[in-house]
Every structure is written in structure tokens, then in C-alpha cells.
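Going by our numbering, the residue at position 127 of the sequence shown is 110; the numbering climbs one at a time, nothing skipped. Idealized CB from N, CA, C, for every residue including glycine. Just so it is clear, the structure is predicted and the values come from calculations on it, not from any experiment. Right, one structure below, let's go through it.
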Amino acid sequence: MRRAKIVCTMGPAVDSLDALRSLVEAGMDVARLNFSHGTAEEHRRRVEQIRAVSLELKKPIAILQDLCGPKIRTGFEGPSLVEAGATVSLVEGSSGSADTIAIDYQGLTEDVRPGDRILLGDGQVELEVVLIREFRVETRVLHGGAVRSRMGVNLPSKRVRLSALTDKDRRDLEVGLDIGVDLVALSFVRHADDIRELRQLMEVHGRVTPIVAKIETPSAVEQIDPIVRAADAVMVARGDLGVELPPEMVPVMQKEIIGTCRRHQRPVIVATEMLQSMVDAPRPTRAEASDVAGAIFDGADAVMLSAETATGSYPLRACAMMDRIIRQAESSRFYNPLPSEPGDSTPEAIANAACDVAKTIHASILVALTESGGTARLISKARPPAPILALSPDEKTLRRLALYWGVIPRYLDMSGGDVDQLVRRASGVLKELGLAQAGQRFVMTYGAPIGLRGSTSAIRVELVR
């Protein structure tokens, strides 16, 4: 079975029940809702469709809300073309002129210094700050090109004081929590305080949801340790990260971020342009296939498809291709998933001991009976050779576990039964899923009393009945 998970972005290309059903069957584990696009009603409808397909196929699918974040853009009525070597002025506001580009960021003159780079259109146009006046910034064009209204602007400077949460994000968060998203991704995180601010806002709404910190700025890279500790999961968002950092640094940063997440026991998603050519072509380039495999070898818990599934011509092929690449990488002799550094808590001791027992007796699978999902997450972090079946009566727990490496989340009614009855029920699920046959051994973790959150304290070796 495949251990790493697949995140697929929703969009017009998969905007029907049939397409979603096929996408889940092709391997989707997490559905990403990009709140940079679409209305609240469109997102609500998609959540309902995903839930319906998930119920039909009996496969929990996590829904990830991706907040837009503070995107700086050019204004209107500026120059249509700038040439290398020319001098161009930047002003704060919405309207420019023949030789002036308007930028919709009110902190521009305070946050840049002479020598800083300013990038337009994902780096297609590169400017260097020469002089800062009271209301404008004079720049020299390093790389020229077309300038359009509403182009994205990147300020790689670590001095940018933008809040990670915009007014739109606050409204979108309320929508996401109301429609029941399972994870919330925060864009352009710069400090751990950004994560804490989002969590406090969730508390105000009375619904705290796991937070995925998107690493896409030099500031975030510099603050990676406290950010990872504050977040519940991390996304290596290579789009803006690759604009604000030199391209040759991105593979190095990817490895370092994944390593930091492994040390702090946080799942990590690698994203952006993984199979980009499949937006238009039925097959990926060899370099893209190597990119996906490289993320798996680096230790990623999940890899993500963006435009490939949202607006591409071959969304199902892209997901199926990613599934095949992951399986091939994980079955190779080069794949050596390293466990996270173990902690000293009782639940971690139980999880690690269960993995050791399973390895010693060559158990076919690990089974975690869990209310909150905590034990299954800890077993996942230990990277056991056997797959992990997480059984829970809590649908929300099961959906959130869909992101975790090696975890197969499935529903199990734990009411009105002792441990022996639960072993029989678990055996039934194992046989139904084709994960084990009668007479094969499995290792099971559970708590006493059964059904109490955070009570996992026992390990049991059983035969599939």
C-alpha cells in the first residue's frame, strides 16, 4: 500500500460527483479548497459533494481550507512594458502613470531599503531599489518585461510587516469553520505569532481546527523552528518561496524544512508544480516524476497537486500518476523512512513499543483503536514498516488522520463491547479491506476504559479472526 498521502486542489476540472468519485478512487486523501478563488456557496457545495463521495466509498477524506493571505499586487494605469536598465518609480496606491507603477501596500516606503529586490509576476520582472523618497521608491529594472494590472508583487525583504491574516481571511475562516473544514492552511506565515493569532481567532468562533503553516517567505525559513512547533502541520509552498529565494536554494530549503518537521513530529506537505506539465499534457516530464519521488525520499508525509487537478485537462491522470510515482519510490531500495525523535510521554512509549513488537514478530499490520487519533499519529511518526489501521467512532478524527503517513482511517463502533469483541470487529475490517487474512498476526493498541480519549495504555498481539 501507499504510505505518503496525496492532496488534490478542487476546481472546475473536478466539479462534479462523478469526477470527485474518480479522484478519490485514483488516490486522493485530502481535498484542498483554495479560498483565493470561488464563493462561499461554491465551497459549501464542494464540501457537501466531498462528504457524499467519502461516505459512499467509505474512505475518510480530509478537507483543507487554504486561506489566501496578504497578496501584494500592482495597481492600474501603469507602464505596459519596462526594459532592463530603465528607471521606474513605485508608489503606494491603486493608480500609476506612464513611468510609475502603483503598489497596493501601504508600508512600501518603510519596508524596503536600497539594494532590495522587488519582483513582479512571479519574478518575470525584477527591480532593484535605488532610492527611497517620502511617497515613492525609485528602482532600476534588472530584468524587464510586461507589466499588467493586478500582477503579484513579492518583497523578499525580511522587514515586511504584513499581517498573515487579512480581513478577507477572517471572513473566509468563519465560512470554513461553519462548513466544517478539517484543516486550515495559513499563507505567508512569517512568525510563530501568526499561528497563535489564527488559533485565538478559532477559539473566538468556538471551533479550533488543526493549522497548516505554509512556508513561503525568507522570514519563515529563518523562523522555521518556532513556526513548526506552533503549527499542527507544515506545507512547503514552493511557488512564492521559489520567487523570494534563489531557485538553487529551494531544494536545499525543502530538505531542511522536512527535516525540521520530522524532528518536531509534524506532518509536512510538499506543494507547487509537482506535475505542472499535466495541466495540458497526459504525461509528466521525467524531471517532474523525479521531483515527486525526491519529496518522498526526503521524508514528506504528503505531496500536493494544484492546477493539475483544479483546472487541468487531465486531473484524474495526474492523481493516478502521482499515486504510481509514490508507490514506486516507496518500494525502492533507496526509500528509508526515518522516525521522528521519540518523546518521553506514556502515549509515545506505547506507540514506539507497538512498532517494535510489530517489527519483531513480523506483524502484517498495526491497529490503533483511537478516539482522538493521538495514538495513530504517534505510530505514524515512528514510521513502522507495517501499515497502520486507525479505527475510531469519531468521523472528524478519521478525516484529520487522512493526512498522516501510513495511516488508513476507518470507522468502527466501539460501544457496548469488551476488548475481545473489538478484536473481532477489527478483524472484520481488516478482512474487508484486504489488509490481512484469517490467522495472520496484528498488533493492537487501545485504552482502558475503552472510549476514553487519551487513555491508550495497552498493546495486544492478536490473530485475525
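Neighbour-count burial assignment, residue i, 16 or more Cβ in a 10 Å radius
i       : result
Leu288  : buried
Phe425  : buried
Met305  : buried
Thr(-8) : buried
Gln32   : buried
Thr200  : buried
Lys41   : exposed
Pro298  : buried
Ser315  : exposed
Asp215  : buried
Gly68   : exposed
Gly411  : exposed
Asn319  : exposed
Leu64   : exposed
Val235  : exposed
Pro330  : buried
Pro392  : buried
Residue from the options with nearest C-alpha to residue i
i        : options                           : result
Ser140   : Leu3, Val226 and Met134           : Val226
Gly135   : Glu415, Asp161 and Val108         : Val108
Gln89    : Asp274, Leu381 and Glu75          : Glu75
Thr192   : Ile362, Glu445 and Ser355         : Ser355
Ala283   : Phe118, Glu239, Leu416 and Arg153 : Glu239
Gln251   : Ser78, Tyr387, Val412 and Glu205  : This sequence places Val at residue 251; Gln is not what is there. Closest by alpha carbon: Tyr387.
Glu25    : Thr343, Leu145, Gly417 and Gly159 : Gly159
Cys51    : Pro43, Ser37 and Thr22            : Thr22
Val172   : Val7, Leu3, Val143 and Asp165     : Val143
Gly106   : Ala220, Leu125, Asp176 and Thr92  : Leu125
Pro97    : Met397, Gly189, Val112 and Leu91  : Val112
Val150   : Arg27, Ile194 and Pro53           : Per the sequence shown, the amino acid found at residue 150 is Asp instead of Val. Of Arg27, Ile194 and Pro53, the residue nearest in Cα terms is Pro53.
Ile44    : Pro230, Ser398, Ile308 and Val7   : Val7
Arg182   : Arg153, Val130, Glu313 and Ala203 : Arg153
Gly295   : Pro265, Arg310 and Ala312         : Pro265
Ala303   : Ser80, Gly(-6), Leu0 and Arg4     : Arg4
His450   : Asp155, Met11, Ala203 and Ala276  : Because the chain in this structure spans residues -16 to 448, residue 450 falls outside the shown range and cannot be described.
Val262   : Ala272, Thr292, Arg246 and Ser273 : Thr292
Arg190   : Asp177, Ile162 and Arg212         : Ile162
Met257   : Asp99, Thr92, Glu331 and Val219   : Val219
Ile279   : Val390, Ala312 and Ala14          : Ala312
Arg(-14) : Met427, Arg436, Gly104 and Leu384 : Leu384
Glu66    : Leu110, Asp49, Arg29 and Leu47    : Leu110
Arg382   : Glu415, Ser37 and Asp281          : Ser37
Met(-16) : Val167, Ile178, Thr70 and Arg307  : Arg307
Residues sharing a beta bridge with residue i, DSSP
i      : result
Phe425 : Ile348 and Glu445
Phe59  : Ser78
Leu374 : Leu352 and Arg393
Glu135 : With the sequence shown as reference, residue 135 is identified as Gly, and Glu is not the correct amino acid for it. Gly135 is bridged to Arg56.
Val219 : Ile198 and Val253
Arg451 : The requested residue 451 is not part of the displayed model; the chain covers only -16 to 448.
Ala168 : Asp49 and Val195
Ala85  : Val74
Glu109 : Leu102 and His126
As assigned by DSSP and simplified to three states, the class of residue i
i        : result
Glu205   : helix
His126   : strand
Glu39    : helix
Leu103   : strand
Asp49    : strand
Lys238   : helix
Gly430   : strand
Leu258   : coil
Glu66    : coil
Met(-16) : coil
Ala14    : strand
Ser296   : coil
Thr(-8)  : strand
Leu288   : strand
Arg383   : helix
Ser273   : helix
Leu44    : It should be noted that the sequence gives Ile, not Leu, for residue 44. The answer is coil: DSSP assigns Ile44 none of H, G, I, E or B.
Leu418   : coil
Val187   : helix
Ser363   : helix
Thr22    : coil
Ser314   : coil
Ser410   : helix
Leu224   : helix
Thr343   : helix
Review point. Per the contact definition of three or more C-beta pairs closer than 8 Å, is the region 57 to 73 in contact with the region 81 to 94?
Key: The region 81 to 94 vs the region 57 to 73: in contact.
**Study point:** the region 113 to 132 / the region 5 to 23 touching (three or more Cβ pairs under 8 Å)
**Key:** Put simply, the region 113 to 132 does not touch the region 5 to 23. Fewer than three CB pairs are less than 8 Å apart.
Check your understanding: Within the chosen definition, does the region 411 to 426 reach the region 341 to 358 through at least 3 CB pairs nearer than 8 Å?
Key -> Yes, the region 411 to 426 is in contact with the region 341 to 358.
Practice item. Would you check if there are 3 or more beta carbon pairs closer than 8 Å linking the region 271 to 286 to the region 242 to 256? Key: Segments in contact, yes.
Review point. Taking one C-beta from the region 325 to 339 and one from the region 363 to 372 each time, how about it: are there three or more such pairs within less than 8 Å?
Key: Yes: at least three Cβ pairs fall under 8 Å.
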